[in-house]
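Contents: one structure, followed by commentary.
Residue numbers (full-length UniProt numbering): 1 to 390.
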């Protein structure tokens, strides 16, 4: 099948409005491996837009050369609802204003139990047959999801495009950050080459965040079924959220670097034939790849540094710095203090680790998480199953 673009129309939220999701398809439908990529689910996080736009250019060349072996689906703009939240040039884009509100990347439909019931009488001793069986059950269950509202339609559309993929990569970013990834603990070894190609040094791994985020939802069915059938059910989908540095780390040069890394990764996984060299696809040579700089940290060991008061934050530690528990990484200046000589309150690290992300906004509210430190030891205040803040 040649390169195609499909437009998926969302339910109209109000009179005279209509939004669409565009999906770019490469390769033959049903070919394996299938990889799904999307950007902008949090519509205020934009580096992934340019990255996927750049990757599409490379994939079109690969397609014209007949080098697409698997199936690739790319949704470069995943959340047109959030992008419409434009207030005098500011796009909040993280939370829905309708359908009960909430974070766009939380509480996605969980269909694991329904799929388990659907396949319970048909499971076999053949792992590959079971994989096909599960994917068909997933498709049937997705058809049952409601799509009365615009938000429901968006979620149903994105899941229908992604949930039969072998890999799902959801592109996000932080305020100011090193490139890093969030991924299930089971996939640390599997995704280490991708993080290495991108130049990441930090990966946050978890077993259960409790967020029901998009990438977790794509894996959740397989995790549910493995609990029932163990080795009879393979990992039919592996997923990861990639945090593409900071909000303003957007340039043609950065996008080109990351696009070439993703293209090389697609070669590694056999989705594209050949090796990437200077943006072109040539014969594969995996010996050049080095992921030794990638270090995984447990998500429940990640320290969220809180602002002790409202005010202006001034950081003394920079992104990528090593810090120790008890060390001051910055201060918040309380502008309402009578005595300006005592108006600074320290931001104190609660773990040994790497300062890998922090707020871009310098005016902070009391109690906000303004910085993230990747540590190695479980922190008592980090509760398994409730590891993400909105």
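Positions of the beta carbon are idealized from the N, C-alpha and C atoms, including for glycine.
Residue i to residue j span [Cα, whole Å]
{"i": "residue 167", "j": "residue 334", "result": "46 angstroms"}
{"i": "residue 163", "j": "residue 323", "result": "39 angstroms"}
{"i": "residue 22", "j": "residue 79", "result": "10 angstroms"}
{"i": "residue 221", "j": "residue 258", "result": "30 angstroms"}
{"i": "residue 262", "j": "residue 339", "result": "53 angstroms"}
{"i": "residue 38", "j": "residue 171", "result": "6 angstroms"}
{"i": "residue 146", "j": "residue 331", "result": "47 angstroms"}
{"i": "residue 169", "j": "residue 341", "result": "48 angstroms"}
{"i": "residue 19", "j": "residue 43", "result": "14 angstroms"}
{"i": "residue 201", "j": "residue 183", "result": "14 angstroms"}
{"i": "residue 375", "j": "residue 174", "result": "18 angstroms"}
{"i": "residue 318", "j": "residue 371", "result": "11 angstroms"}
{"i": "residue 369", "j": "residue 309", "result": "11 angstroms"}
{"i": "residue 296", "j": "residue 195", "result": "11 angstroms"}
{"i": "residue 299", "j": "residue 160", "result": "28 angstroms"}
{"i": "residue 249", "j": "residue 12", "result": "34 angstroms"}
{"i": "residue 59", "j": "residue 65", "result": "10 angstroms"}
{"i": "residue 273", "j": "residue 70", "result": "9 angstroms"}
{"i": "residue 348", "j": "residue 291", "result": "31 angstroms"}
{"i": "residue 378", "j": "residue 344", "result": "29 angstroms"}
{"i": "residue 158", "j": "residue 105", "result": "12 angstroms"}
{"i": "residue 205", "j": "residue 15", "result": "44 angstroms"}
{"i": "residue 56", "j": "residue 31", "result": "19 angstroms"}
{"i": "residue 53", "j": "residue 154", "result": "21 angstroms"}
{"i": "residue 117", "j": "residue 134", "result": "11 angstroms"}
{"i": "residue 24", "j": "residue 253", "result": "23 angstroms"}
{"i": "residue 362", "j": "residue 101", "result": "26 angstroms"}
{"i": "residue 321", "j": "residue 33", "result": "38 angstroms"}
{"i": "residue 307", "j": "residue 373", "result": "14 angstroms"}
{"i": "residue 271", "j": "residue 121", "result": "33 angstroms"}
{"i": "residue 242", "j": "residue 181", "result": "4 angstroms"}
{"i": "residue 89", "j": "residue 83", "result": "11 angstroms"}
Proximity test, residue i beta-carbon vs the ligand MN heavy atom, cut-off 8 angstroms
{"i": "residue 370", "result": "Within the structure as shown, the ligand MN is missing, as the structure has no ligands at all."}
In DSSP terms, what residue i is bridged to
{"i": "residue 36", "result": "73 and 168"}
{"i": "residue 68", "result": "272"}
{"i": "residue 305", "result": "371"}
{"i": "residue 239", "result": "168"}
{"i": "residue 344", "result": "333"}
{"i": "residue 355", "result": "373"}
{"i": "residue 23", "result": "6"}
{"i": "residue 363", "result": "312"}
{"i": "residue 298", "result": "205"}
{"i": "residue 320", "result": "In the DSSP output, where bridge partners are listed per residue, residue 320 has none listed."}
{"i": "residue 246", "result": "174"}
{"i": "residue 267", "result": "Per DSSP, none; premise fails for residue 267."}
{"i": "residue 328", "result": "348"}
Nearest to residue i (by Cα), restricted to the options the options
{"i": "residue 247", "options": "310, 352, 318 and 177", "result": "177"}
{"i": "residue 91", "options": "99, 81, 100 and 98", "result": "81"}
{"i": "residue 47", "options": "244, 134 and 17", "result": "244"}
{"i": "residue 5", "options": "298, 72 and 134", "result": "72"}
{"i": "residue 382", "options": "321, 305, 365 and 348", "result": "305"}
{"i": "residue 380", "options": "346, 350 and 265", "result": "350"}
{"i": "residue 143", "options": "122, 165, 307 and 115", "result": "115"}
{"i": "residue 9", "options": "148, 235, 67 and 224", "result": "148"}
{"i": "residue 358", "options": "336, 94, 33 and 314", "result": "314"}
{"i": "residue 303", "options": "352, 234, 181 and 165", "result": "352"}
{"i": "residue 132", "options": "232, 327 and 180", "result": "232"}
{"i": "residue 329", "options": "311, 337, 312 and 355", "result": "355"}
{"i": "residue 224", "options": "35, 110 and 63", "result": "110"}
{"i": "residue 267", "options": "237, 67 and 240", "result": "67"}
{"i": "residue 63", "options": "373, 27, 7 and 256", "result": "27"}
{"i": "residue 112", "options": "219, 373 and 325", "result": "219"}
{"i": "residue 293", "options": "228, 179 and 51", "result": "179"}
Stretch pair the region 121-136 + the region 211-220: three plus CB contacts closer than 8 angstroms: no
In chain order, each beta strand (DSSP E) run of at least 3 residues that lies wholly inside the region 124-203: 167-174 and 180-184
Sequence ranges, beta strand (DSSP E) only - wholly within the region 80-130, length at least 3: none
contact_flag[the region 134-141, the region 188-200] where n(CB pairs < 8 angstroms) is 3 or more: no
Inter-stretch contact (C-beta, 8 angstroms, three-pair minimum) for the region 34-54 and the region 68-84: yes
Any 3 or more C-beta pairs closer than 8 angstroms across the region 192-212 and the region 383-390: yes
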